[in-house]
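Novice:
Residue numbers (UniProt numbering): 1 to 372.
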C-alpha cells in the first residue's frame, strides 16, 4: 500500500478558516453573523466586513465560558440580534474556543426558533487549508435551502482548485515565504509604457478574487486608457473574469458593477474568462485562449491572482504581475514573472464599495502617460 506523502509544514501565517467562513456568509447576503467565541477572535476581518454591510457580533466568551460553556450566551445574543436588527438571514460561526469545548450551535437555534434562515458554521482555525471554512459554510447554506446542490458542487470544485493553485505557486508552496513589497511601481510602469510606445502586442488580463477586482480592474483600465492615448489600442487584448451569470449573489453583483463601469469608460473586454469566484480556473481559460490566438504576443499584464495562469503559453512574454500579497512576490518571480508589483492596502480599500477604486500602479501609469 503506497505511503501518503506528508504535506510540508507551513510556518508563515496563513488565512483562517473562520475568516473564510465569514466572507462566504457575506457573499450569501447574510445580514448578521454571530461569532461564538472570545471578543477578539477575527477582530480585524469582522470589523472590515461591517464596511461591506454585514453586521458581525460576538458572544464574548471569557474564562468562565471556557469552563462552563457558552450556550446561554449564544441564546442571549441570538435573541438580541433578532430583536435589534430584524435580519432576513443570520449566520452563527464557531471559533477555536467554542469548538474545543464542544459547543453545539444548533441547540441554541432550536431553543430560540428564529423565523428566518440561520446558517450554522461549526468551524475552527485549525484546518490546514482555509477553504475548509468555505465548504462548511456552504454545506450549511445547502442544508438551509439557500443554495442549490448544483451550486454547492460547483463551489466545491472551485475551492479544490483554489487550494491546488496555492500549493503549486502560492502561499502554501513553501515552508516559509519572506514578505516582499515587490518591484518599484515607477520603474515597472516606465517599462510597460516603453513597450506600449513601441507598439508591442500585449495581453491585459484581470483574474481577480471577488471584491479585490474593484481595485485590480483599475490597473487593467489604466493599461487600456494608456494604449488609447498612445493610439495603440489595436495592439492590446483585454481579458477579465467578469462573467455576471455565475457565482454567489454578491460576486455576480460585483462583476456586473465592474463590467458596466469599464464599458462606461470605453474599455472593451475581448474575452470573458470566468466569474469572480472562478479565478482558480479562469487562468486555465485564459491560457487556452492565449495558446489558440496570442502566443506571439510580446508582453502580458496580469492582475489579481497571476499565479493561477499556467506559464506554458506565456513563457516567451515579458510578464507584469500585480498582486496584493507580499508573500506572493517570490513565487511569481520563480515562475518567470519579470515584474511583480504589490498593492499592499488593496483589500481594506475594496470592502463596502460598488465602484472601481484607483490603484497606486494605475495612478503611476496614468501620470507617466501624461508626458508620453
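Beta carbons: idealized from backbone N, C-alpha and C, even for Gly.
(1) Do the CB positions of residue 211 and residue 254 come within less than 8 Å of each other?
(2) If we ignore side chains and look at the alpha-carbon of each, how far apart do residue 72 and residue 134 end up?
(3) Which same chain residues, not among the five before or five after residue 186, have their C-beta less than 7 Å away from its C-beta?
(4) Taking 8 Å as the cut-off, decide whether the C-beta atoms of residue 49 and residue 57 are in contact.
(5) Do the CB positions of residue 123 and residue 136 come within less than 8 Å of each other?
(6) Around the Cβ of residue 183, are there at least 16 other Cβ atoms within 10 angstroms (buried) or fewer (exposed)?
(7) Just reading off the beta strand (DSSP E) that residue 207 is part of, what are its end residues?
(8) Relative to the C-alpha of residue 348, which candidate in 277, 32, 47 and 7 has its C-alpha closest?
(9) Could you give the distance in angstroms between the alpha-carbon of residue 256 and the alpha-carbon of residue 69?
(10) Cα-Cα, which of 284, 129 and 112 is closest to residue 205?
(11) Taking its Cβ as the centre, do 16 or more other Cβ atoms sit within 10 Å of residue 263, making it buried, or is it exposed?
(12) From residue 216 to residue 173, what distance separates their C-alpha atoms?
(13) Considering only residues of the same chain and omitting the five flanking positions on each side of residue 103, which have a CB-CB separation below 8 Å?
(14) For residue 318, which of helix, strand or coil comes out of DSSP?
(15) Rounding to the nearest angstrom, what Cα-Cα distance links residue 165 and residue 111 in this structure?
(16) Which residues mark the beginning and the end of the beta strand (DSSP E) in which residue 91 is found?
(17) Relative to the alpha-carbon of residue 248, which residue among 153, 259 and 330 has its alpha-carbon at the smallest distance?
(18) Helix or strand or just coil, what does DSSP make of residue 215?
(19) If you drop the 5 nearest sequence neighbours on each side, which residues of the same chain put their C-beta closer than 6 Å to that of residue 121?
(20) Can you grab the Cα-Cα spacing for the pair residue 32 / residue 52, in whole Å?
(21) Which residues bound the beta strand (DSSP E) around residue 300?
(22) I need the DSSP call for residue 99, collapsed to helix, strand or coil.
(23) Given that a residue counts as buried once 16 or more other Cβ atoms are within 10 Å of its Cβ, and exposed if not, what is residue 334?
(24) Residue 312: which of 147, 291, 208 and 229 sits nearest, CA to CA?
(25) Which runs of the alpha helix (DSSP H), 4 residues or longer, sit entirely within the region 316-372?
(26) Would you identify the three-state DSSP class for residue 220, choosing helix, strand or coil?
Specialist: With the given structure in hand:
(1) For the purposes of this step, residue 211 is identified with residue 211 of the chain shown, where counting begins at 1. For the purposes of this step, residue 254 is identified with residue 254 of the chain shown, where counting begins at 1. Judged by their CB atoms, residue 211 and residue 254 are nearer to each other than the 8 Å cut-off.
(2) Counting from one through the chain shown, the residue named residue 72 turns up at place 72. Counting from one through the chain shown, the residue named residue 134 turns up at place 134. Between residue 72 and residue 134, the C-alpha separation is close to 27 Å.
(3) Along the chain shown, one-based indexing puts residue 186 at 186. For residue 186, where only same-chain residues beyond five positions count, the Cβ hits under 7 Å are 364.
(4) For this step, residue 49 is matched to residue 49 along the chain shown. For this step, residue 57 is matched to residue 57 along the chain shown. Their beta carbons are not under 8 Å apart, which means residue 49 does not touch residue 57 by this criterion.
(5) Position 123 of the chain shown holds residue 123. Position 136 of the chain shown holds residue 136. Contact flag set, yes.
(6) Against the chain shown, residue 183 aligns to sequence position 183. The residue is buried, with at least 16 neighbouring Cβ atoms inside 10 Å.
(7) Sequence index remark: in the chain shown, residue 207 carries index 207 (1-based). Note, residue 207: beta strand (DSSP E), 202-207.
(8) To locate residue 348, count along the chain shown from 1; it is residue 348. Closest by C-alpha distance to residue 348, out of 277, 32, 47 and 7, is 47.
(9) Here residue 256 corresponds to residue number 256 of the chain shown, with the count starting at 1. Here residue 69 corresponds to residue number 69 of the chain shown, with the count starting at 1. Taking the straight line joining both Cα atoms gives about 45 Å.
(10) As a position in the chain shown, residue 205 is number 205, starting the count at 1. The option with the nearest alpha carbon to residue 205 is 284.
(11) For the purposes of this step, residue 263 is taken as residue 263 along the chain shown, with counting starting at 1. Its Cβ having fewer than 16 others within 10 Å, residue 263 is exposed.
(12) Here residue 216 refers to the residue found at position 216 of the chain shown. Here residue 173 refers to the residue found at position 173 of the chain shown. C-alpha separation (whole angstroms): 23 Å.
(13) Numbered from 1 along the chain shown, position 103 holds the residue referred to as residue 103. Excluding residues within five positions, the ones whose Cβ falls inside 8 Å are 36, 69, 70, 71, 74 and 94.
(14) Working through the chain shown from its first residue, we reach residue 318 at position 318. Residue 318 sits in a strand when the DSSP states are folded into three classes.
(15) By 1-based counting over the chain shown, the position of residue 165 is 165. By 1-based counting over the chain shown, the position of residue 111 is 111. Straight through space, the alpha carbons of residue 111 and residue 165 are spaced by roughly 42 Å.
(16) In the chain shown, residue 91 corresponds to position 91, counting from 1. Taken as a continuous stretch (DSSP letters only), the beta strand (DSSP E) holding residue 91 covers 90-94.
(17) Taking the first residue of the chain shown as 1, we reach residue 248 at position 248. Closest by alpha carbon: 153.
(18) Your numbering for residue 215 matches position 215 in the chain shown. If DSSP states are grouped into helix, strand and coil, residue 215 belongs with the helices.
(19) For the purposes of this step, residue 121 is identified with residue 121 of the chain shown, where counting begins at 1. Beyond the five residues adjoining it in sequence on each side, residue 121 comes within less than 6 Å, by CB distance, of 21, 93, 136, 137 and 140 in the same chain, given in chain order.
(20) Stepping through the chain shown from its first residue, residue 32 is reached at position 32. Stepping through the chain shown from its first residue, residue 52 is reached at position 52. C-alpha of residue 32 to C-alpha of residue 52: approximately 12 Å in a straight line.
(21) Translated into the one-based positions of the chain shown, residue 300 becomes position 300. Residue 300: member of the beta strand (DSSP E) spanning 299-304, first to last residue.
(22) In the chain shown, the residue the question calls residue 99 occupies position 99. Here residue 99 sits in helix by DSSP.
(23) Taking the first residue of the chain shown as position 1, residue 334 is located at position 334. Counting Cβ neighbours within 10 Å, residue 334 comes out exposed, since fewer than 16 surround it.
(24) In the chain shown, the residue the question calls residue 312 occupies position 312. When each option's Cα is compared against that of residue 312, the closest is 291.
(25) Counting only runs of 4 or more, we get 329-335, 346-349 and 360-369.
(26) The residue labelled residue 220 in the question sits at position 220 within the chain shown. Helix at residue 220.
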